[in-house]
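Residue numbers (the numbering used here): 341 to 627.
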């Protein structure tokens, strides 16, 4: 179901999230707010840093990570009450930012995201004890049937974490410097993707749902819902921001070879929400 966003989720919205594993809240941010965020993308995508992941052809940006720590506008977004307050509601505690990324599906070039759950990556790679964590996605472009929309299997989160074997995804000719181990969590060939037979069974049981939403909409989804997205072969770009909020009562356990800080934050201070109009305020002093 689709709703207009209020600062606090209604009982119906929370029930819909619990039943289906997601809830879509339309047009939460104004055109001016969306445009201010989009203006930041070319510069962030041009930065040649480990935070940036390219598509397999090696030219088109697929995602950038952790830029809320360096870019003021996205830092403000990560503390926006439209995101922080629903996260606190759903998780029942104060929250901190576990992960921040911008996923880009470039027109004609954006590649597939295979069927997967998020929590298995965080459990196996980061030692996250429980799926008491929520993804909140902000559409920076219209998401439609043409530009590689997000597909969900509604209700599949009720299966819990589906413990699949890790897939070999790296090219043997690449060095660790060229393709660090964590990279397989973000390429078109995901480390913990679900096989076709399993996806077919889940779709037979729960059905499928394709997200269609205008720019400025917000999508909240469970870390165990099975989801994917196809190639973008349209002339329409499709960029989204995904802020993942974790309960401060769900701190990851120590693991060998932890992933970089820009992928998995170890800054556990609870997020303090800013004012609702913070994206448009000039010279806002952040504390």
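C-beta: ideal position from N, C-alpha, C; glycine also.
These figures come from a predicted structure and were not determined experimentally.
Do residue i and residue j have their CB atoms nearer than 8 Å?
i	j	result
residue 534	residue 565	no
residue 602	residue 548	no
residue 572	residue 446	yes
residue 665	residue 459	Within the shown structure, residues of the chain are numbered from 341 to 627, placing residue 665 beyond reach of any answer.
residue 401	residue 441	no
residue 585	residue 413	no
residue 600	residue 390	yes
residue 551	residue 489	yes
residue 417	residue 619	yes
residue 439	residue 604	yes
residue 357	residue 461	no
residue 431	residue 544	no
residue 433	residue 589	yes
residue 614	residue 419	yes
Pick helix, strand or coil for residue i, following the three-state DSSP scheme.
i	result
residue 412	helix
residue 588	coil
residue 354	helix
residue 430	helix
residue 348	coil
residue 360	helix
residue 595	coil
residue 550	strand
residue 501	coil
residue 515	With a pLDDT of only 44 at residue 515, under 50, the local geometry of the prediction cannot be trusted, and no value is derived from it.
residue 450	strand
residue 459	helix
residue 399	coil
residue 507	coil
residue 385	helix
residue 572	strand
residue 435	strand
residue 620	helix
residue 379	coil
Could you name the residues of the same chain whose beta carbon sits closer than 7 Å to that of residue i, not counting the 5 residues immediately before and after it, in chain order?
i	result
residue 480	374, 377, 378, 555, 579, 580 and 581
residue 593	467 and 469
residue 463	501
residue 368	345, 422, 556, 557 and 558
residue 595	466 and 467
Out of the options, which one is the CA nearest neighbour of residue i?
i	options	result
residue 455	383, 496 and 427	496
residue 380	410, 347, 595 and 367	410
residue 541	352, 439, 575 and 493	493
residue 611	424, 538 and 550	424
residue 560	395, 449, 386 and 473	473
residue 453	464, 396 and 348	396
residue 557	361, 484, 587 and 387	484
residue 444	553, 392 and 587	392
residue 609	435, 387, 553 and 384	435
residue 482	433, 449, 422 and 575	575
residue 361	478, 433 and 546	546
residue 628	365, 358 and 431	Only positions 341 to 627 of the chain appear in this structure, which leaves residue 628 out of reach.
residue 504	530, 486 and 498	530
residue 538	433, 457 and 383	457
residue 583	426, 387, 399 and 382	426
residue 394	428, 382 and 450	450
residue 591	597, 577 and 607	607
residue 616	399, 406 and 370	370
residue 359	577, 597, 384 and 499	499
Can you tell me which residues form a DSSP beta bridge with residue i?
i	result
residue 392	404
residue 368	Looking at the DSSP assignment, residue 368 forms no beta bridge with any residue, so it has no partner.
residue 477	559 and 582
residue 420	In the DSSP output, where bridge partners are listed per residue, residue 420 has none listed.
residue 441	405 and 582
residue 483	553
residue 613	None, per the DSSP bridge assignment.
residue 535	BP columns for residue 535 are empty, so no partner.
residue 491	550 and 568
Grab me the residues of residue i's own chain with a C-beta within less than 6 Å of its C-beta, minus the 5 sequence neighbours each way, in chain order.
i	result
residue 415	408
residue 563	458, 459, 471 and 473
residue 478	558 and 581
From the beta carbon of residue i, is the nearest beta carbon of chain C less than 8 Å away?
i	result
residue 566	Absent from the structure: chain C. Only one protein chain is present.
Spatial neighbours of residue i within its chain, please: CB distance less than 8 Å, with the 5 preceding and 5 following residues excluded, ordered by chain position.
i	result
residue 569	445, 452, 453, 488, 489, 490 and 491
residue 506	464, 531 and 532
residue 429	348, 349 and 354
Is residue i near the ligand HEM, judged by its Cβ being under 7 Å from some heavy atom?
i	result
residue 386	Judged by which ligands are present, the structure shown has none, so any question about the ligand HEM falls away.
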